[in-house]
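Following numbering that gives the first Met the number 0, the numbering of the sequence shown begins with 0 at its first residue and continues without gaps.
We put the beta carbon where it would ideally sit given N, CA and C, even for glycine.
What follows is a set of notes on a single structure, which appears directly below.
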Amino acid sequence: MPFHLIEFQASEDIAVVPIDWYDDGMVYWPNFKSTERVKRAAANEEKHEPNWPRYDVK
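In structure tokens form, the structure reads like this:
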């Protein structure tokens, strides 16, 4: 699965996410407690959950 390089509009932080997490200027972002878990989910190209919060991205 391809990846997207995104920039969060609110914080200007940059991340690489699976294409499945991106949707028309928004990104689904997992609400996991640890950064390591988020990184693992992205690296393993896990599908996003519909209940994950969405954020505006560039």
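- Query: For V61, is the classification buried or exposed, using 16 other Cβ atoms within 10 angstroms of its Cβ as the cut-off for buried?
  - Reply: As displayed, the chain neither begins before 0 nor continues past 57, which places residue 61 out of reach and without an answer.
- Task: Write down every uninterrupted run of the alpha helix (DSSP H) in the segment 33-57 whose length is 4 residues or greater and which is fully enclosed by it, in chain order.
- Result: 34-42
- Message: Between which two residues does the beta strand (DSSP E) holding A9 run?
- Response: Neither: A9 is in no beta strand (DSSP E) and is coded neither H nor E.
- Assigned secondary structure, D22 (DSSP; H/G/I helix, E/B strand, else coil): strand
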